[in-house]
Structure formats: C-alpha cells, structure tokens
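Visitor:
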Amino acid sequence: MSQSPPDPRRHAPATLRNRDAILAILPQAFGQARRILEIASGTGEHAAHCAPALAKAAKGGFIWYPSDWDAENLPGIDAHAKAAMADSGQPGCIAPAQRIDVSQANWTPQWTQPGQAGPLEAMFCANMIHIAPWAAAEGLFSGAGRLLPQGGTLTLYGPYRRNGQHTAPSNAGFDASLQSRDPSWGVRDLEGEVAPLAQRNGLSLHRIETMPANNLIVIFRKD
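Structure below.
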C-alpha cells in the first residue's frame, strides 16, 4: 500500500499573530497595483493569507509572485498557495514560487527580461533584512529601484531601530540574539541605514505604520 507524500508545508507561529494586521495595511501600500513580487516568502503563509483577500477585492487581475532564496522552501510555499486558492475560490492569484537571491548582482524575476520592469508593480518583504547580511538589503533596494515602475512601492515589515535607538527592550534583546548567531545580522536603523539606502536607489520613505509586537510596516515609493 503506497503512502501519501509528506506535507511540505511549514508553519511560522508569528505569522498567525501578524498576518491580519499586515493585510489591513496592504491595500494602502499597494494602491492600484495588481502584480506583487514577494521577496523572502519563507513558509509562504503571508502569500496564502493575503493574496486571496486582495484578489477578491481587486475583482480580477491580481497575482502575487512568491519567492525565496532557499529552494527547499518552494514546495511548501506552493502547497500553502494551492490550499489557500482552493479554500478562497480565487484560483490563479498566487504564482508558482521561484528562487530569488537578492544578494546576487542584478537579480531578475523569471518573468522579466534584464532591464525591463515587465508586469511588476509593487514589492513586499517581511522579516528579511534583519535576519540576513546587509548585502541582502542592498540587493533588495537595488532590485526595487531597477524593476519597479514610477510610483511603485516596496513594503517592508519587521523590527527597526529609530534614529539609532531601539523602540522596545524586547527589540534590543532580539538584536543581541541575532548578532550572537551571526554578526552580520541585526535590527537595522530606519533613519540611519535603511532610508538612505532607499534614497540611493531612487526610492523615498512614503509611510510608516506601527504594528503589533514593536514591529513596523515601512512603505517606500519609487520617485
């Protein structure tokens, strides 16, 4: 008797706590954008939760493109997407996950040609730039500046320092924990590091939203 293959889906407990708060902000972050590239999708649970709701509100034409640097995560992302699209009645709103490593120079999504924006209209990235070397943040913003159309947005979610200071003792402890695991990781400073990086790549700080558990949503817009 043959056995069913193991379920590749993984679960991040934090996603259950933050996904509704994130979804509440995304319509404002994305505006009229209908083609969204997610960088560092991880388990794929943000895509599975947010994309069907956004597609339903858009009434057609909406598609979320998940990606991750780790190819081993892609089957789980696709499995979450398949279940979410079936449950929501929004087939096709999440594309097959693809491998993208933003630390690689001139990274390009599979559906675009080098130097062309293609169908990309907005980008989303949660909880990456603090759990990755700074080169990943540099590559993320370089790609956003290169691939987004004028007025397109890059929306980030996660913890940040503000003007050199942690916003809560828990974030300071988290920062120390990250750096003990890898000195190249750490909670980034929004005004001192991230916003200047955005400016160097043609994006401006557009909006900041306070989120639960001392996190922020930060929206950058291509000028």
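What the sequence shown shows, in the numbering used here, is residues 1 to 223, in sequence order.
For glycine and all other residues, C-beta sits at the position ideal for the given N, C-alpha and C.
1. To which residues of the same chain is Gly151 closer than 7 angstroms at the C-beta, ignoring the five residues directly before and after it?
2. Would you call Asn106 buried or exposed, if buried means 16 or more other Cβ atoms sit within 10 Å of its Cβ?
3. Here's a check: name, in chain order, each residue in its chain whose Cβ is nearer than 6 angstroms to the Cβ of Met128, leaving out the five neighbours to either side.
4. Assuming Arg197 and Leu154 form a contact by the criterion Cβ under 8 angstroms, report the distance between their Cβ atoms to the nearest whole angstrom.
5. Using the DSSP secondary-structure output, state which residues sit across from Gly158 in a beta bridge.
6. Take the Cβ of Arg181 as the centre, count every other Cβ of all protein chains shown within 10 Å, and call the residue buried at 16 or more, exposed below.
7. Do the region 3-17 and the region 88-105 touch if we need at least three Cβ pairs shorter than 8 angstroms?
8. Suppose only complete runs of 4+ residues qualify. What are the alpha helix (DSSP H) ranges in the region 102-150, listed by chain order?
9. Select from Leu120, Ala137, Pro75 and Ala83 the residue whose C-alpha is nearest the C-alpha of Leu37.
10. According to DSSP, simplified to helix, strand and coil, what is Ser177?
11. How is Thr43 classed by DSSP in three states: helix, strand or coil?
12. Is His206 helix, strand or coil by DSSP?
13. Kindly list the residues whose CB is nearer than 6 angstroms to the CB of Ser88, restricted to its own chain and excluding five residues on each side of it in sequence; keep chain order.
14. Please list, in chain order, all residues of the same chain as Gln110 whose beta carbon is under 6 angstroms from its beta carbon, the five residues on each side excluded.
15. Who does Glu72 pair with in a DSSP beta bridge?
Guide: Result, derived from the coordinates:
1. What you label residue 151 is simply residue 151 of the sequence shown in a count that begins at 1. Closer than 7 angstroms at Cβ, skipping near neighbours: Arg221 and Lys222.
2. As a first step, residue 106 is located in the sequence shown; it is residue number 106 there, counting from the start. The residue in question, Asn106, is exposed, as its Cβ has fewer than 16 Cβ neighbours within 10 Å.
3. For the purposes of this step, residue 128 is taken as residue 128 along the sequence shown, with counting starting at 1. Once the five neighbours on either side are set aside, the close Cβ partners of Met128 are Ala40.
4. Taking the first residue of the sequence shown as position 1, residue 197 is located at position 197. Taking the first residue of the sequence shown as position 1, residue 154 is located at position 154. Correcting the residue identity first, residue 197 is Leu in this sequence and not Arg. About 11 angstroms; that fails the 8 angstroms criterion.
5. For the purposes of this step, residue 158 is taken as residue 158 along the sequence shown, with counting starting at 1. Paired residue(s): Leu216.
6. By one-based count along the sequence shown, residue 181 stands at place 181. By the neighbour-count rule (16 or more Cβ atoms within 10 Å), Arg181 is not buried but exposed.
7. no
8. 134-147
9. Position 37 of the sequence shown, counted from the first residue, corresponds to residue 37. Ranking the options by Cα distance to Leu37, first place goes to Leu120.
10. Sequence index remark: in the sequence shown, residue 177 carries index 177 (1-based). In this structure, Ser177 counts as helix in the three-state DSSP scheme.
11. On the sequence shown, position 43 is the one that residue 43 refers to. It is coil, neither helix nor strand.
12. The residue you call residue 206 lines up with position 206 of the sequence shown. Strand, per DSSP.
13. Here residue 88 corresponds to residue number 88 of the sequence shown, with the count starting at 1. Closer than 6 angstroms at Cβ, skipping near neighbours: Pro52.
14. Within the sequence shown, the letter at position 110 stands for residue 110. Correct list, in chain order: Gln98.
15. Position 72 of the sequence shown, counted from the first residue, corresponds to residue 72. Paired residue(s): none; Glu72 is not in a bridge.
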